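K.L.:
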Amino acid sequence: MPYLVKLIVSALLIVLVTEIAKRSSLLGALLASVPLVSVLAMVWLYLETRDAERIATFAQDVFWLVLPSLALFLALPWLLRAGVQFFAALGLGLVLTALAYAGTLALLRRFGAP
């Protein structure tokens, strides 16, 4: 039953954001920019474990990995405005984001961060 609740709540939030974005891209972007997945993951993780240290570590790790995720939001609009078709632009943006993640993880390992 808890998995069904998680699935329903998570799906409803995604549908809500997309429906709002159809009416107002700025309001949809505002809601999408809130780290809903991270917040939901922390809530579900806390409810299942009651482990505050695990949540603190998770939140810190998410912080470091938000930075390379921004590559997608820089590349995608640039590629689309340059005339690249949506799915190709999305694919290229995801590849650039994966490279940014790999670089960030390498830097974190090199400097002993989490």
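No gaps in the numbering here: position 32 of the sequence shown is 36 in the numbering used here, and each next residue is one more.
Note that CB positions come from ideal geometry on N, CA and C, so glycine has one too.
Note that this is a predicted model, so its numbers are computed, not measured.
(1) Go ahead and label L71 buried or exposed: buried means 16 or more other beta carbons lie within 10 angstroms of its beta carbon, across all protein chains shown.
(2) Please return the same chain residues whose Cβ sits closer than 7 Å to the Cβ of L31, not counting the five positions on each side in sequence.
(3) Is F62 closer than 8 Å to L49 when the C-beta atoms are compared?
(4) Assuming L76 contacts T108 under a Cβ cut-off of 8 Å, what Cβ separation, rounded to an integer in Å, is found between them?
(5) What residue ranges within the stretch 32–81 form continuous beta strand (DSSP E) runs of no fewer than 3 residues, ordered along the chain?
(6) Please name the residue in L84, K10, F115, L83 whose C-alpha comes closest to that of M46.
(7) Of the residues P6, L20, V99, which one's Cα is nearest the Cα of L83?
(8) Take Q89 and list the residues in its own chain whose beta-carbon comes closer than 8 Å to its own, dropping the five residues that flank it on each side.
P.N.:
Taking the geometry as given:
(1) exposed
(2) I24
(3) yes
(4) Not confirmed; about 13 Å, so no contact.
(5) none
(6) K10
(7) V99
(8) none
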